[in-house]
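Asks:
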Amino acid sequence: MEYRYNFKNLDPRLKILSIVRFVRAFGRGSTFVFLPLVFISVYHLSFILTGLLLGFATLLMATVQFLAGIWTDRIGRRSILVYSQIPGILAYLAVYYSVAVPHFLYLAIGAWYSTVIINAVQYPAVQAAVADITSVGDRLSGFTLIRVMANLGIAVGPLVGAYLAGYGLQYIFLISSAATAVEVVMLYLFMGETYTPSGQIEKKARILRDTVKNDRFFLLFIVIGILLAFFSRQRGTSLTVYTVVLSRMPFMDLGAIWALNGILVVILQFPLLRIMTANGNSMMWRGVGVLFYAVSFVVLSAVPTLGILLLSMTISTVGEDFVSPTTQAIVTTIAPGYLRGSYIGVYNLIIASGSFAGSLVGLWLLYALRNFSSTYWDYIAIGSLGVAVLYVAISKPFSKRMSEVDATEVRISEG
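Here our numbering is used: the first residue of the sequence shown is -5, the next is one more, and so on.
1. In terms of alpha-carbon separation, which member of G186, L47, T320 and L258 lies closest to D126?
2. Just reading off the alpha helix (DSSP H) that A375 is part of, what are its end residues?
3. Could you tell me whether the segment 82 to 101 touches the segment 378 to 390, using the rule of 3 or more Cβ pairs below 8 Å?
4. Relative to the alpha-carbon of I64, which residue among I80, Q121 and R18 has its alpha-carbon at the smallest distance?
5. According to DSSP, simplified to helix, strand and coil, what is R71?
6. Check this for me: beta carbons of Y86 and S170, under 8 Å apart or not?
7. Can you look up D315 in the DSSP assignment and give me helix, strand or coil?
8. Whole angstroms are fine: how far does the CA of G352 sit from the CA of D315?
9. Starting from the N-terminal side, write out each stretch of the alpha helix (DSSP H) that is 4 residues or longer and does not extend beyond the segment 266 to 308.
10. Around the C-beta of N342, are 16 or more other C-beta atoms found within 10 angstroms, so that it is buried, or is it exposed?
11. Is the CB-CB distance between S347 and V154 below 8 Å?
12. Would you kindly check if the distance between the Cβ of R141 and the Cβ of V259 is under 8 Å?
13. Straight-line CA distance for T369 to F291?
14. On a CA-only basis, which of L168, V355, V325 and L267 is nearest G219? Give me that one, please.
15. What separation, rounded to the nearest whole angstrom, lies between the Cα atoms of P391 and P319?
16. With DSSP collapsed to three states, give me the class of D132.
17. Over what stretch of residues does the alpha helix (DSSP H) that includes L221 continue unbroken?
18. Let me know if V14 comes out buried or exposed under the rule of 16 or more other beta-carbons within 10 Å of its beta-carbon.
19. Which value, in whole angstroms, describes the spacing of the CA atoms of L304 and I251?
20. Taking Cβ positions, are S389 and M277 nearer each other than 8 Å?
21. I'd like to check one pair, T205 with L254: are the Cβ atoms closer than 8 Å?
22. To the nearest angstrom, how far is the alpha carbon of V340 from that of V110?
23. CA-CA distance, G21 and G151?
24. Quick check on DSSP: helix, strand or coil for F98?
25. Please report the straight-line C-alpha distance between L4 and P244, rounded to a whole angstrom.
26. Between P298 and the rest of its own chain, which residues show a CB-CB distance below 6 Å, the 5 nearest in sequence each way excluded?
27. Under the three-state reduction of DSSP, which class applies to T190: helix, strand or coil?
28. Could you tell me whether the segment 66 to 82 touches the segment 172 to 188, using the rule of 3 or more Cβ pairs below 8 Å?
29. Taking K9 as part of the alpha helix (DSSP H), name the residues at either end of that continuous run.
30. Do L8 and L181 have their CB atoms nearer than 8 Å?
31. Where A88 and L46 are concerned, what is the direct C-alpha to C-alpha distance, given to the nearest angstrom?
32. Please name the residue in L31, M270, D67 and E177 whose C-alpha comes closest to that of A329.
33. For S12, which residues from the same chain have a beta carbon less than 6 Å from its beta carbon, with the 5 sequence-adjacent residues on both sides left out?
34. Could you compute how far the alpha carbon of A123 sits from the alpha carbon of V284?
35. Between the Cα of F286 and those of L39, I374 and R364, spot the shortest distance and give me the residue it belongs to.
36. With DSSP run on the structure shown, which of helix, strand or coil describes N3?
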């Protein structure tokens, strides 16, 4: 059983969810890109302390996602999708104030962590909802549609954010607050429930523990995911600091780099999906995607110019188009139907250790090698290459797992 290229017959709720993801990405995408500059340039924190704050945010996010994944399997998706985001309107306003009046570092940190928690609560419900309303064969197409619409927002958001940053970084968070309000209204009015919890809810925690403990393939996928999280983290925080702080390039250059990322996803994701659904399986293409990451890091080892950064982002985005939609498709395919949200939460919780180490160690190493940046990016490229090999190595066992899951779903539907 392989994934199919199919968009014509997708559930209407998936299309609603994809539009909402566009609004969300437009409003919030810039916050992740520019937040390191708030701590370093506005509050004058060190690279190490900034990395620690951002790294801890990934651990917090993962912990909340784990709990939210279990909760969405207990009560359904819609209530979490809608009501969890209402506090985000105020949280982003608080970040806006703390940047506009930069005398309240603890308010900035606390408000930002609040947005991390709010975003994390919703994430498993989104991913589980997509899996609820797609078959195994259509699942990669479903996640791809969500991703393309989100990146359409990313294509516009960072450019708007870079423009606003010229007047003040705080305005980026004001836009985020407004976009969150629009997101809540759209979800409340148009998004229907995708999942009705079954009985024996009180037993699910034990079932989850026992199932994950005995699922060796899922555990192996998690271990490799930790390594991927460490190296791919350098595309975010480290790249932002490298571009603006060390290379002293303007905000608009950083915005252009991430806008290019969003545009390329929109242009390339569907053609690349055709390739992925016609040949091999998503685990193999995941390894190919990480190989593109490695090449993009090698490009960054050259003398930093806007052209070099755009070329690196182009190559990296091709890799992202292979890697990103396959994550949720693989996890929700491995997971039993009644534990999809929980499996997503478990995966994100454990690989957060890689993201945390990537933020902390990455910024520390970048600072230590600030006069030898090419060496830094070469190290990241070598590590990424090793991760790519590991994914390709487990692609055949994953094909067997897919076939088993598809056969099970067919028996259930016929029964």
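C-beta atoms are modelled at their ideal positions from N, C-alpha and C, and glycine is treated no differently.
Replies: In this structure, then:
1. The shortest C-alpha separation from D126 is found at G186.
2. First-last of the alpha helix (DSSP H) with A375: S367 to A387.
3. No contact exists between the segment 82 to 101 and the segment 378 to 390.
4. It is Q121 whose Cα lies nearest to the Cα of I64.
5. Three-state result, R71: coil.
6. Y86 is a Cβ neighbour of S170, given a cutoff of 8 Å.
7. When DSSP states are grouped into helix, strand and coil, D315 belongs to the helix group.
8. Cα-Cα distance, rounded: 21 Å.
9. Within the segment 266 to 308, the complete alpha helix (DSSP H) runs of at least 4 residues are 276 to 294.
10. Buried, since its Cβ has 16 or more Cβ neighbours within 10 Å.
11. No, Cβ-Cβ distance for S347 and V154 is not below 8 Å.
12. Cβ distance < 8 Å, so V259 and R141 count as in contact.
13. Their backbone Cα atoms lie some 10 Å apart in a straight line.
14. Among L168, V355, V325 and L267, the Cα nearest to that of G219 is on V325.
15. Each residue's alpha carbon lies about 19 Å from the other.
16. Under the three-state reduction of DSSP output, D132 falls in the coil class, being neither helix nor strand.
17. From DSSP, the alpha helix (DSSP H) with L221 extends over R210 to S226.
18. Counting the other Cβ atoms within 10 Å of the Cβ of V14 gives 16 or more, which makes it buried.
19. Here the alpha carbons of I251 and L304 stand approximately 6 Å from one another.
20. Yes, they are a contact pair.
21. Cβ distance not < 8 Å, so L254 and T205 don't count as in contact.
22. Cα-Cα distance, rounded: 17 Å.
23. Those two C-alpha atoms are separated by around 6 Å.
24. Looking at F98 - three-state DSSP - the assignment turns out to be coil, as it is neither helix nor strand.
25. Rounded to the nearest whole angstrom, the C-alpha separation of L4 and P244 is 42 Å.
26. Excluding sequence neighbours, P298 sits near S241.
27. When DSSP states are grouped into helix, strand and coil, T190 belongs to the coil group.
28. Enough Cβ pairs lie closer than 8 Å, so yes.
29. Its alpha helix (DSSP H) spans residues P6 to L31.
30. Cβ atoms of L8 and L181: not closer than 8 Å.
31. A straight-line Cα-Cα distance of about 21 Å links A88 and L46.
32. Nearest neighbour of A329 by Cα position, chosen from L31, M270, D67 and E177, turns out to be D67.
33. Scanning its chain for C-beta atoms nearer than 6 Å, with the 5 sequence neighbours on each side dropped, one finds around S12 the residues L139, I140 and M143, in chain order.
34. When only Cα atoms are considered, A123 and V284 end up about 27 Å apart.
35. When only C-alpha atoms are compared, the closest one is I374.
36. In the structure shown, N3 adopts coil according to DSSP, grouped into three states.
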